[in-house]
Amino acid sequence: MDNIDAWVWWLIGAAALGIPLVITAMPEFGMFAVGAIAAAVLAGLGFDVVVQVLAFVVVSVALIAVVRPIANRYSRQRPELATGVDALKGKQAVVLERVDASGGRIKLAGEVWSARALDTGRAYEAGQEVDVVDIEGATAIVI
């Protein structure tokens with residue numbers, strides 16, 4: 003094993019850092035792997051171990067310092083396109099059977115839904131249009 007060049011060890015290290023990246027989905031391991039690849043390139047060009055280790059540290063820390071805040075900012079944003087029950091909130095529906103605090107039926111987005119009134123003192127008669135403010139399970143909350 004004495005005849006294996008340093009750049010091969012750095013590539014083995016980069017591959018080893020890729021394993022926890024895949025298993026844990028922590029992007030920091032990928033950034034360390036890129037640092038190891040940078041060190042492998044320098045090792046292949048003939049730089050000594052101190053320069054290789056410095057390159058590994060500098061590239062890894064720079065990636066974490068730059069990429070991680072950007073990724074965190076994008077991961078906290080809500081999707082622009084609402085899907086599922088989120089897409090139904092704010093839609094209008096037509097009352098099919100009287101809706102009050104205890105329940106009723108509405109037609110929402112072409113489907114029949116159970117519904118109840120948000121205001122417990124309010125009732126909506128068949129044919130009225132209501133607004134969906136929330137979905138709790140399979141029940142639309144309307145006003």
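Quick note: the sequence shown uses the working numbering, first residue 3, plus one each step.
We put the CB at the ideal spot given by N, CA and C, even for glycine.
Model, not experiment: these values are computed from the prediction.
Contact between the stretch 120-133 and the stretch 97-107 is present: three or more C-beta pairs spanning the two stretches fall below 8 Å. Taking the Cβ atoms as the reference, ALA111 lies roughly 6 Å from LYS93, within the contact range of under 8 Å.
The continuous beta strand (DSSP E) containing GLY106 extends over residues 105-110.
By the Cβ-count criterion, GLY129 is exposed, with fewer than 16 other Cβ atoms from all chains shown falling within 10 Å of its own Cβ.
Under DSSP, ARG118 shares a beta bridge with ILE143.
A Cβ-Cβ contact shorter than 8 Å links ALA35 with LEU23. Within the same chain, MET33, PHE34, GLY37 come within 6 Å of SER62 by CB-CB distance, once the 5 residues on both sides are set aside. When the alpha-carbon of LEU47 is set against those of ILE145, ASP7, ALA64, VAL144, the nearest one is in ASP7. Checking the DSSP bridge columns, you'll see ASP88 has no partner listed. Taken atom to atom, the span from the alpha-carbon of VAL53 to that of GLU138 is near 59 Å.
Check the Cα spacing between LEU56 and each of ALA67, ARG107, ALA42: the tightest is with ALA42.
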